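Residue numbers (UniProt numbering): 1 to 245.
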């Protein structure tokens, strides 16, 4: 029969082994995420907002009233390896499942997050290949009512939030977008479906592709380009505000 002291020693050894094992798992996960970030990074390079004047009341247009109709986001995907880059996003399939022209699914989603808001930006691509020519790719995402879901709209309610009288939306929309967090979330099954298409499986080792969520870096200083139906545009914030900041 073992003494209490021996039992305590055995218990301590078991606990220590479990802690060491758990720590190793955490370090392995962190190492994988770190390695993935070293392979691929994404910058939000440009945000443009297209606004139109609207007539919110029978009294007519109040000066300064505008309503955003389209917001475009330019993302630059950087490949930091010597391998070919395979990267894509096709949320077109989510917003228009009846218009499906892709055999690889959604591939991945660009998410815009602010507080309780999580919006999957609209993206569209017809193919998913391994890019061997360039070290980066440009992907455009957007928010526009035309591409909204009919049954559970996302974009129209977002735009309607800015639909009130007597204020220019530029500053408020800028502050909202500046506070947003942007993520790219790959869909592993869709990437695997593409990898399975390769007849020469040895090529897979020569390809880098996103396997984990990627935090997107916004351009610093952050600014937006606002344009209207008369093809006039301005950059916000103006230089005077930047200097004050």
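Quick reminder that beta carbons are idealized off the backbone N, C-alpha and C, glycines included.
Computed from a predicted model, the values in this text were never measured in an experiment.
So which of the options has the shortest CA-CA distance to residue i?
{"i": "residue 130", "options": "144, 45 and 88", "result": "88"}
{"i": "residue 81", "options": "213, 208 and 153", "result": "208"}
{"i": "residue 211", "options": "195, 221 and 155", "result": "195"}
{"i": "residue 206", "options": "45, 38, 85 and 52", "result": "85"}
{"i": "residue 218", "options": "158, 154, 178 and 93", "result": "178"}
{"i": "residue 181", "options": "97, 95, 121 and 93", "result": "121"}
For residue i, does the count of other Cβ atoms within 10 angstroms reach 16, so buried, or fall short, so exposed?
{"i": "residue 203", "result": "exposed"}
{"i": "residue 226", "result": "buried"}
{"i": "residue 169", "result": "buried"}
{"i": "residue 115", "result": "exposed"}
{"i": "residue 152", "result": "exposed"}
Going by the beta-carbon positions, is the gap between residue i and residue j smaller than 8 Å?
{"i": "residue 183", "j": "residue 113", "result": "yes"}
{"i": "residue 224", "j": "residue 47", "result": "yes"}
{"i": "residue 139", "j": "residue 75", "result": "yes"}
{"i": "residue 187", "j": "residue 127", "result": "no"}
{"i": "residue 40", "j": "residue 90", "result": "no"}
{"i": "residue 198", "j": "residue 142", "result": "no"}
{"i": "residue 159", "j": "residue 44", "result": "no"}
{"i": "residue 161", "j": "residue 145", "result": "no"}
{"i": "residue 191", "j": "residue 149", "result": "no"}
Can you pull the DSSP bridge partners for residue i?
{"i": "residue 217", "result": "43"}
{"i": "residue 226", "result": "49 and 234"}
{"i": "residue 120", "result": "111"}
{"i": "residue 199", "result": "Residue 199 is not bridged to any residue."}
{"i": "residue 140", "result": "74"}
{"i": "residue 151", "result": "Residue 151 pairs with nothing; no bridge assigned."}
{"i": "residue 86", "result": "130"}
{"i": "residue 159", "result": "DSSP lists no partner for residue 159."}
{"i": "residue 186", "result": "108"}
{"i": "residue 68", "result": "51"}
At the 8 Å Cβ level, is residue i part of the contact set with chain D, yes or no?
{"i": "residue 48", "result": "Absent from the structure is chain D; it holds one protein chain and no more."}
Please report the Cβ distance between residue i and residue j, rounded to the nearest whole angstrom; I am assuming they are in contact, meaning their Cβ atoms lie under 8 Å.
{"i": "residue 42", "j": "residue 214", "result": "5 Å"}
{"i": "residue 110", "j": "residue 123", "result": "6 Å"}
{"i": "residue 99", "j": "residue 69", "result": "About 21 Å; that fails the 8 Å criterion."}
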